[in-house]
Amino acid sequence: MSAHTTAQSAQYNQSATQAALVPMVVEQSARGERSFDIFSRLLRERVIFLTGQVEDHMANLIVAQLLFLEAENPDKDIHLYINSPGGSVSAGLAIFDTMNFIKPEVSTICMGGAYSMGSFLLAAGEKGKRYALANARVMIHQPSGGAQGQATDIEINAREILKTRARLNEILAERTGQPVDKIEKDVERDYWLDAKEAKEYGLIDEVLERRPASL
Numbered sequence: 000m001s002a003h004t005t006a007q008s009a010q011y012n013q014s015a016t017q018a019a020l021v022p023m024v025v026e027q028s029a030r031g032e033r034s035f036d037i038f039s040r041l042l043r044e045r046v047i048f049l050t051g052q053v054e055d056h057m058a059n060l061i062v063a064q065l066l067f068l069e070a071e072n073p074d075k076d077i078h079l080y081i082n083s084p085g086g087s088v089s090a091g092l093a094i095f096d097t098m099n100f101i102k103p104e105v106s107t108i109c110m111g112g113a114y115s116m117g118s119f120l121l122a123a124g125e126k127g128k129r130y131a132l133a134n135a136r137v138m139i140h141q142p143s144g145g146a147q148g149q150a151t152d153i154e155i156n157a158r159e160i161l162k163t164r165a166r167l168n169e170i171l172a173e174r175t176g177q178p179v180d181k182i183e184k185d186v187e188r189d190y191w192l193d194a195k196e197a198k199e200y201g202l203i204d205e206v207l208e209r210r211p212a213s214l
């Protein structure tokens with residue numbers, strides 16, 4: 000068995016195990032009994048979970064849920080719960096742009112940790128509606144990437160990474176109220192913040208210990 004096949008098999012087994020562990024919710028109605036997985040049931044309450052690695056498949060699911068909830072009610076808030084180590088910049092920007100594109104306001108809530116692109120999306124929530132739970136951690140840093148091949152191709156990729164970094168820094172500056180030069184300095188290396196520090200920095204608006212009436 001090749002290494003690629005082994006990796007695919009391991010990923011499938013992990014996905015199957017995770018699916019088996021998802022709780023089901025049973026509801027009674029006049030039409031009888033219906034069961035939902037817990038995430039689908041929460042989606043009915045306009046709750047979306049952004050958990051794990053930010054990558055294309057996950058981003059497509061998040062975007063689809065955002066568009067679906069907008070179609071259901073364009074005037075009611077959407078609540079995006081984040082616990083993510085980050086991941087793909089392009090996938091994250093697809094989510095970011097959709098959050099801005101749709102009519103409903105999107106509140107963001109960090110539980111556990113929001114790192115890298117996860118913290119970027121946390122800050123992307125509607126201003127005044129960006130939260131972190133009391134013991135959540137947040138980390139910002141610059142995008143990373145690698146290139147191989149001809150020297151010209153490596154140079155092209157390096158320019159693209161620098162261009163992307165500049166754009167992400169501009170967005171973070173706008174979302175946090177921090178000067179761009181401070182953002183540039185802070186993201187040179189991993190910059191860790193607890194929930195209170197994230198609020199002071201402008202990445203979130205409030206630290207939550209109890210659920211407010213708005214959530």
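Numbering (numbering that gives the first Met the number 0), first residue to last: 0 to 214.
Virtual Cβ for every residue (Gly too), placed ideally from N, Cα, C.
Here the stretch 53-71 does not lie against the stretch 127-147, with fewer than 3 beta-carbon pairs under 8 Å apart.
By the Cβ criterion, the stretch 80-96 is in contact with the stretch 115-128, since at least three pairs of Cβ atoms, one from each stretch, lie closer than 8 Å. In the structure shown, residue 99 adopts helical secondary structure according to DSSP, grouped into three states.
Bounds of the beta strand (DSSP E) holding residue 113 are 105-114.
With a contact defined as Cβ atoms closer than 8 Å, residue 139 and residue 186 qualify at about 5 Å. Taking each of 63, 56, 59, 31 in turn and checking the Cα distance to residue 45, the smallest one comes out for 63.
Contact between the stretch 70-83 and the stretch 106-114 is present, with at least three C-beta pairs closer than 8 Å. Between the alpha carbons of residue 73 and residue 165 lies a gap of roughly 32 Å. Annotated three-state conformation of residue 185 is helix, per DSSP.
Judged by their CB atoms, residue 35 and residue 21 are not nearer to each other than the 8 Å cut-off.
Taking the Cα positions, residue 24 is about 13 Å away from residue 42.
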